[in-house]
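In the working numbering, the protein residues as written are 7 to 495.
Backbone N, C-alpha and C define an ideal beta-carbon position, used for all residues, glycine too.
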Ligand code: NDP
């Protein structure tokens with residue numbers, strides 16, 4: 007396999023502050039590694055305190071002005087950015103592939119395009135964000151929807167462009183500024199989002215990018231100049247950031263991990279259900295928060311399901327992510343690959359049957375083949391903990407009641423899916439499942455028009471759709487007395 011790096015992956019500088027690239031050599035070096043080869047394809051520096059202060063000051067200054075800009079004008083800038091992003095979809099997708107290792111076949115349709123959808127959607131609704139008129143007899147009241155101020159966005163490494171846009175678009179539409187810290191594993195793509203927003207006319211200081219590891223995220227989460235923190239990451243990080251933000255009662259959005267169930271009933275269309283399980287476990291090499299990693303299949307269909315799944319896995323084309331024929335890429339990092347290998351070993355040791363996959367490819371880069379475990383029971387480690395890799399576990403169940411109870415037996419609550427041809431059952435089961443984002447005869451669709459987020463330990467707040475507006479704005483109520491004020495003395 008040859009993967010020549012012909013693309014300029016070294017950013018102009020590490021950070022994007024106040025409308026321009028900014029370098030600061032004093033910060034620790036972060037190497038950018040191409041997951042398909044392990045090659046170092048760029049270097050950035052962690053933001054030092056001085057850079058963080060500079061960004062917060064620029065954001066505060068810029069946000070005060072931005073809040074006064076008409077929402078229609080804000081929306082126009084976001085829409086223009088969406089258009090530029092679509093025009094540059096290919097180079098942005100190639101960069102996303104270098105940053106994450108995800109196959110170009112995927113990044114061409116799921117990353118910059120999804121980012122553009124968010125910019126377009128929130129650009130479109132910006133002008134329609136209004137308050138209410140509340141009649142009170144002679145008197146009346148009205149509400150205004152005001153921005154929160156300066157928001158910090160902290161991203162995971164699996165969708166660096168999409169996460170930056172899903173946070174920035176509603177924040178900016180509502181009149182906020184955003185300082186975004188990408189994961190240290192994928193520092194490249196958010197810088198391009200910043201460049202595009204500037205080009206589209208966004209005033210300086212409103213969308214800034216600071217590189218760094220956890221401590222930079224932690225500094226933002228506690229900074230008195232930050233009004234809101236929106237994190238996409240794991241539950242343990244979410245707990246830390248939520249607690250840190252609580253010190254000043256900052257607003258938060260927490261998009262965290264999951265261990266989501268998919269219930270496949272005997273009457274399901276077999277190939278659709280298998281297709282859903284593939285989309286819900288192996289897209290992005292399984293590194294998706296909402297994945298349906300616990301696949302509960304009803305007893306009458308279970309063996310055929312596993313057989314068909316195994317057959318369909320032969321369609322996985324593992325190889326050079328930049329070759330558009332490839333549909334399965336490497337893990338994002340050596341560390342993530344080792345975490346997944348650890349779970350594969352635990353699965354076997356605890357008695358699950360490894361039907362196929364889970365093999366490390368003998369080549370450079372972080373390659374694991376897609377794995378299916380059968381005969382998984384609810385107490386096994388692979389059934390309880392988020393793996394975040396290409397590992398699908400099949401469980402057998404008999405009754406609807408049992409399936410629902412076992413599906414809900416987890417502290418997580420991000421997503422859930424049901425495959426059945428019985429429409430009453432589909433809605434009944436979904437009604438019982440404890441998850442924020444659900445699918446019927448489908449899995450992992452994330453259109454910007456639909457709210458996305460979790461319940462239980464999987465998160466707080468929602469991204470996308472009109473629901474996101476609630477999390478990037480606050481309501482001011484104004485009582486208007488029309489008559490005289492009657493005081494008791
Ligand atoms: P992590 O929780 O390790 O990191 C998430 C982000 O938080 C990174 O930018 C990280 O920086 C930063 N961070 C780490 N420690 C702190 C801290 N103390 N204070 C502030 N920020 C901190 O998650 P991963 O990057 O490993 O991503 C995988 C996880 O993300 C999975 O659990 C997955 O389910 C979840 N996820 C959730 C999604 C959702 O929408 N619900 C979507 C995508 C992923 P750094 O990495 O540089 O250390």
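Mind reading off the beta-carbon distance from residue i to residue j? Whole number of angstroms is fine, and I expect it under 8 Å.
{"i": "residue 172", "j": "residue 470", "result": "6 Å"}
{"i": "residue 461", "j": "residue 147", "result": "Their Cβ separation, rounded to whole angstroms, is 32 Å, which puts residue 461 and residue 147 out of contact at 8 Å."}
{"i": "residue 301", "j": "residue 283", "result": "5 Å"}
{"i": "residue 481", "j": "residue 259", "result": "Residue 481 to residue 259, Cβ: 17 Å. No contact."}
{"i": "residue 376", "j": "residue 363", "result": "5 Å"}
{"i": "residue 263", "j": "residue 392", "result": "4 Å"}
{"i": "residue 219", "j": "residue 201", "result": "Actually they are not in contact, since the Cβ atoms of residue 219 and residue 201 sit about 23 Å apart, beyond 8 Å."}
{"i": "residue 38", "j": "residue 48", "result": "4 Å"}
{"i": "residue 395", "j": "residue 316", "result": "About 18 Å; that fails the 8 Å criterion."}
{"i": "residue 397", "j": "residue 349", "result": "6 Å"}
{"i": "residue 217", "j": "residue 36", "result": "6 Å"}
{"i": "residue 463", "j": "residue 241", "result": "5 Å"}
With H, G and I counted as helix, E and B as strand and the rest as coil, what does DSSP make of residue i?
{"i": "residue 214", "result": "strand"}
{"i": "residue 176", "result": "helix"}
{"i": "residue 481", "result": "strand"}
{"i": "residue 28", "result": "strand"}
{"i": "residue 374", "result": "strand"}
{"i": "residue 148", "result": "strand"}
{"i": "residue 196", "result": "helix"}
{"i": "residue 448", "result": "coil"}
{"i": "residue 433", "result": "helix"}
{"i": "residue 385", "result": "coil"}
{"i": "residue 168", "result": "helix"}
{"i": "residue 242", "result": "helix"}
{"i": "residue 362", "result": "strand"}
{"i": "residue 113", "result": "helix"}
{"i": "residue 100", "result": "helix"}
{"i": "residue 311", "result": "helix"}
{"i": "residue 290", "result": "helix"}
{"i": "residue 108", "result": "coil"}
{"i": "residue 464", "result": "helix"}
{"i": "residue 7", "result": "Residue confidence is low: residue 7 scores 39 on pLDDT, short of 50, so the model does not pin down where it sits. Its coordinate-derived value is still stated next. Looking at residue 7 - three-state DSSP - the assignment turns out to be coil, as it is neither helix nor strand."}
{"i": "residue 159", "result": "strand"}
{"i": "residue 120", "result": "helix"}
{"i": "residue 391", "result": "coil"}
{"i": "residue 135", "result": "coil"}
{"i": "residue 469", "result": "strand"}
{"i": "residue 398", "result": "strand"}
{"i": "residue 15", "result": "coil"}
{"i": "residue 319", "result": "helix"}
{"i": "residue 490", "result": "coil"}
{"i": "residue 495", "result": "coil"}
{"i": "residue 237", "result": "strand"}
Tell me where the beta strand (DSSP E) around residue i begins and ends.
{"i": "residue 21", "result": "21 to 23"}
{"i": "residue 187", "result": "183 to 187"}
{"i": "residue 84", "result": "Here residue 84 belongs to no beta strand (DSSP E); instead the alpha helix (DSSP H) covers 77 to 93."}
{"i": "residue 276", "result": "Segment 276 to 285 is the alpha helix (DSSP H) holding residue 276; no beta strand (DSSP E) there."}
{"i": "residue 259", "result": "257 to 261"}
{"i": "residue 458", "result": "Neither: residue 458 is in no beta strand (DSSP E) and is coded neither H nor E."}
Any idea which residues DSSP pairs residue i with across the strands?
{"i": "residue 48", "result": "38"}
{"i": "residue 142", "result": "145"}
{"i": "residue 332", "result": "Answer by DSSP bridge pairing: none, since residue 332 is not bridged."}
{"i": "residue 268", "result": "301 and 423"}
{"i": "residue 154", "result": "Looking at the DSSP assignment, residue 154 forms no beta bridge with any residue, so it has no partner."}
{"i": "residue 380", "result": "359"}
{"i": "residue 403", "result": "304"}
{"i": "residue 232", "result": "Partner(s): none; residue 232 has no beta bridge."}
{"i": "residue 324", "result": "334"}
{"i": "residue 208", "result": "Answer is none; residue 208 lacks a bridge partner."}
{"i": "residue 443", "result": "421"}
Less than 8 Å between CB atoms is the rule here; does residue i satisfy it with respect to chain B?
{"i": "residue 126", "result": "The chain labelled as chain B is not found in the depicted structure, where only one protein chain is given."}
What residue does the alpha helix (DSSP H) around residue i start on, and which one ends it?
{"i": "residue 427", "result": "No alpha helix (DSSP H) contains residue 427, which DSSP labels as neither H nor E."}
{"i": "residue 60", "result": "55 to 72"}
{"i": "residue 300", "result": "From DSSP, residue 300 is part of no alpha helix (DSSP H) but of the beta strand (DSSP E) over 300 to 304."}
{"i": "residue 350", "result": "340 to 355"}
{"i": "residue 224", "result": "220 to 228"}
{"i": "residue 367", "result": "Here residue 367 belongs to no alpha helix (DSSP H), and DSSP marks it neither H nor E."}
{"i": "residue 410", "result": "406 to 414"}
Does the beta-carbon of residue i, which I'm using as the reference point, lie nearer than 7 Å to any heavy atom of the ligand SAH?
{"i": "residue 224", "result": "Absent from the structure shown: the ligand SAH. Ligands present: the ligand NDP."}
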